[in-house]
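Residue numbers (the numbering used here): 6 to 227.
Below you'll find the structure, written out as structure tokens, and then a few comments.
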């Protein structure tokens, strides 16, 4: 997997680069201080995933940085690894299109787990911040339109997606086939007018469909 690092702390980038390359599964294709610098460099070197943070003086630019990367490279994964874990910042960053959010205080095993999860199409949000993030989404939630009334299975499916489970495990949990899970997800994407699993989780939070009790499964974070 080709990784691009965006962080204004050079020592942090060096540490992450060493950690990833020792794992043997990753190649750090490039790095930069800021997202706007990353755009041209990613075009030149290519990347599958960006690990992103921003300057202390530019905290508010974190959602903007995510949006820039996603607009320029729609298929690239963006995992935020940040010192900023306040609920508003996390909510705005996820709403901008981030595939996951990990505090910088997390350990290396959590970083690898987060990368694996977003690579599989999941949305990683560290359990230490999940409760307050969901509460923040609930403050600004929109009530679902009548046509968006959900069945029990649809609600359960959204909960399982939010826990970062892949389609095979979700199928086992729901006692259905993998193809049924995929079809149900496509229907949910259409119902919520979203394009992927991450945006489905964010929209479910925004509408108050998910709450802090929906989380905590040990498959995300030990």
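Ideal Cβ placement from N, Cα and C applies to all residues, glycine included.
Residues of its chain near residue i, where Cβ-Cβ distance is below 6 Å and the 5 sequence neighbours each way are ignored
i           : result
residue 162 : 189
residue 209 : 163 and 215
residue 88  : 109
Test item: CB-CB of residue i and residue j under 8 Å
i           : j           : result
residue 122 : residue 105 : yes
residue 84  : residue 56  : yes
residue 167 : residue 192 : no
residue 97  : residue 107 : no
residue 100 : residue 131 : no
residue 8   : residue 52  : yes
DSSP-derived helix/strand/coil call for residue i
i           : result
residue 21  : helix
residue 78  : coil
residue 215 : coil
residue 199 : coil
residue 30  : coil
residue 181 : coil
residue 125 : coil
8 Å CB neighbourhood of residue i in its chain, flanking five on each side removed
i           : result
residue 117 : 28
residue 202 : 126, 127, 128, 166 and 190
CB contact below 8 Å: residue i versus chain C
i          : result
residue 24 : You won't find chain C in this structure, because it holds only one protein chain.
7 Å Cβ shell around residue i - same chain, five flanking residues per side excluded
i           : result
residue 90  : 108 and 134
residue 165 : 175 and 178
residue 37  : 11, 43 and 46
Touching by the beta-carbon criterion (3+ pairs, under 8 Å), the region 33-53 and the region 70-79: Contact annotation: the region 33-53 touches the region 70-79, with at least three C-beta pairs closer than 8 Å.
Alpha helix (DSSP H) runs wholly inside the region 48-123, at least 4 long, in chain order: Those alpha helix (DSSP H) runs which fall completely within the region 48-123 and span 4+ residues are 66-77 and 92-100.
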